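Scroll down for the structure; my scribbles are underneath it.
There are 2 protein chains.
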Amino acid sequence: MKRLAEDDVVRYADMFTAMGTEPRLRIMRLLLSAHPDGLVVGEIQAELRMSASTLSHHLDKLKNEELVGVAREGTYLRYTANTDALRQLLSFLYAECCTRNRAIRPESIVRVCK
Amino acid sequence: MKRLAEDDVVRYADMFTAMGTEPRLRIMRLLLSAHPDGLVVGEIQAELRMSASTLSHHLDKLKNEELVGVAREGTYLRYTANTDALRQLLSFLYAECCTRNRAIRPESIVRVCK
DNA sequence: TCTATAGTTCTATGATAACAGAACTATAGA
DNA sequence: TCTATAGTTCTGTTATCATAGAACTATAGA
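If you read the sequences in order, they're chains A and B. Numbered per our numbering, the first sequence spans residues -15 to 98. Numbered per our numbering, the second sequence spans residues -15 to 98.
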């Protein structure tokens, strides 16, 4: 209960970078839209119109940061958003802004009553 | 009520990139800790131990993405976290994960009851 | 005006990233 | 085994980024 943020700064920075380009952020959005089924590479390519090799590199980067997972289905490869990693990233940002520091009011982000 | 995310993808990607290095993420964390007062450049430098010119470049990048603001105080320059931009970024990520898509349960991020 | 202090901008270098055509690998089906 | 399809990896080019010493700018005070 001390490594909540301090030691993981580098990891979260890498995750931010992984989502820090338009193509990759669009990929993440697309995979989130298709969650939990995910999408096959060809479907992503058809939607986002980029060369196969470029797309493959972006997917590789997202996979390295564990923001997406991949599973083979015959000749297809199906990519899915890793919601667990995203939840951690979102929690980190939320904590930095709203709880560890009181810079932002939680109610301005979300109104949950569970 | 349509440009909530679609058109701003590039901007949010740039914001993610701005926070996507360890030095800059540490700067943001530091400024959030010091919010709303912020910190003078020398104080940031003393805390994070980097050369003045390198720090200045990082601050410039954060300023370009409007993640921080700056105001002169005599010979000092005081930087502050731009909570409005951070709130937008957090809201974007929250929306993508929790509302626009239901990939992540809001309760797993935050328990707010206002 | 002269000096000291705070920070930025200039200049340069090495490292990393984005992109995409070409070649390669993996799987399914004939 | 041969072929077609789906993606990845190889190769190379171009561009951007991180870093920091040196030079410069801005402000306050004597």
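Note that the Cβ used here is the ideal one computed from N, Cα and C, for glycine as well. Keep in mind that this is a model prediction, so the values were computed, not measured.
In whole angstroms, what separates the C-alpha of residue i from that of residue j?
i	j	result
Thr83 (chain B)	Ser92 (chain B)	13 Å
Thr1 (chain B)	Ile11 (chain A)	16 Å
Val94 (chain B)	Gly4 (chain A)	24 Å
Ala18 (chain A)	Ala55 (chain B)	44 Å
Asp44 (chain A)	Ala69 (chain A)	16 Å
Val(-7) (chain A)	Arg62 (chain A)	30 Å
Gly22 (chain B)	Thr64 (chain B)	4 Å
Arg71 (chain B)	Tyr(-4) (chain A)	18 Å
Leu16 (chain A)	Ile28 (chain A)	12 Å
Ala30 (chain B)	His42 (chain B)	15 Å
Phe76 (chain B)	Leu77 (chain A)	12 Å
Quick check on the burial criterion: 16 or more other C-beta atoms within 10 angstroms. Buried or exposed for residue i?
i	result
Thr67 (chain B)	buried
Asp(-2) (chain A)	buried
Pro90 (chain A)	buried
Gly58 (chain B)	exposed
Ala87 (chain B)	buried
Lys98 (chain A)	With a pLDDT of only 48 at Lys98 (chain A), under 50, the local geometry of the prediction cannot be trusted, and no value is derived from it.
Cys81 (chain B)	buried
Within its chain, find whatever has a CB closer than 8 Å to the CB of residue i; leave out the 5 residues flanking it on each side and keep chain order.
i	result
Glu32 (chain A)	Just to set this straight, residue 32 (chain A) is Leu in the shown sequence, not Glu. The answer, listed in chain order, is Pro7, Arg10, Ile11, Leu14 and Leu39.
Tyr60 (chain A)	Val24, Val25 and Gly26
Asn85 (chain B)	none
Using a Cβ-Cβ distance cut-off of 8 Å, determine whether residue i contacts chain A.
i	result
Ala30 (chain B)	no
Tyr78 (chain B)	yes
Tyr63 (chain B)	no
Met34 (chain B)	no
His41 (chain B)	no
Thr38 (chain B)	no
Ala(-3) (chain B)	yes
Thr1 (chain B)	yes
Val(-7) (chain B)	yes
Tell me which same chain residues have a C-beta within less than 7 Å of the C-beta of residue i, skipping the five on either side of it?
i	result
Lys47 (chain A)	Val54
Glu49 (chain A)	Asp(-2), Met(-1) and Ala2
Leu73 (chain B)	Tyr(-4) and Met(-1)
Ala36 (chain B)	Gln29
Met34 (chain B)	Pro7
Ignore the nearest five residues each way along the sequence and tell me which others in residue i's own chain have a CB closer than 6 Å to its CB.
i	result
Leu51 (chain B)	Ala2, Asn66 and Ala69
Pro20 (chain B)	none
Would residue i count as contacting chain B if we go by Cβ distances under 8 Å?
i	result
Val24 (chain A)	no
Ala87 (chain A)	yes
Ala69 (chain A)	no
Glu6 (chain A)	yes
Arg56 (chain A)	no
Lys98 (chain A)	No answer about Lys98 (chain A) holds up, because its pLDDT of 48 lies below 50 and its placement is not dependable.
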